[in-house]
Amino acid sequence: MYNLYIMKTDQTLARTQIYLTHVQQKRLENASRRTGGSKSELIRRAVDQFLDSQPANTTGAKVQRLQNIKGLWSDRTNMADPSNYVSMLRKPRF
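Following my numbering from start to finish, the sequence shown increments by one per residue and tops out at 95.
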């Protein structure tokens, strides 16, 4: 009932807390006054906008990301023998 009356939404909401800088808080208050939307609504919109801009997490997208990093360390000379490199990293230093 509270969600429907106060929040003016038919969606189920989950309460969360965030920390904002004083500057962010002031800017959010100003935007709320200017738009007439609540601070919570503005934050939900910003979260949606951010999440919508993220790349899809499909198998094809994962494969593409892996292909993009192929050969990333190809110019490293100390990686010719990976097992030797790992052994060197694990060797005690004292």
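Heads up, the beta-carbon is just placed ideally off N, CA and C, and yes, glycines get one too.
*Below 7 Å CB to CB, which residues in the same chain sit around SER75 once its five sequence neighbours on both sides are set aside?*
If we look at SER75 and ignore the five residues flanking it on each side, it has no Cβ neighbours.
*Which value, in whole angstroms, describes the spacing of the CA atoms of ARG16 and GLU42?*
Going by the C-alpha atoms only, they are around 12 Å apart.
*If you run the structure through DSSP and keep just helix, strand and coil, what is GLN55?*
Reduced to three states, the DSSP call for GLN55 is coil.
_Pairwise C-alpha distance: ASN79 and VAL48_ = Taking C-alpha positions only, VAL48 is separated from ASN79 by approximately 43 Å.
_Continuous alpha helix (DSSP H) stretch holding ARG94: start and end_ = Taken as a continuous stretch (DSSP letters only), ARG94 belongs to no alpha helix (DSSP H), as it is neither H nor E.
*Sequence-distant residues of the same chain with beta carbon closer than 7 Å to TYR86, five excluded per side*: Once the five neighbours on either side are set aside, the close Cβ partners of TYR86 are ASN79 and MET80.
_So LYS40 and LEU52 are supposed to be a Cβ contact under 8 Å. How far apart are they, rounded?_
About 19 Å; that fails the 8 Å criterion.
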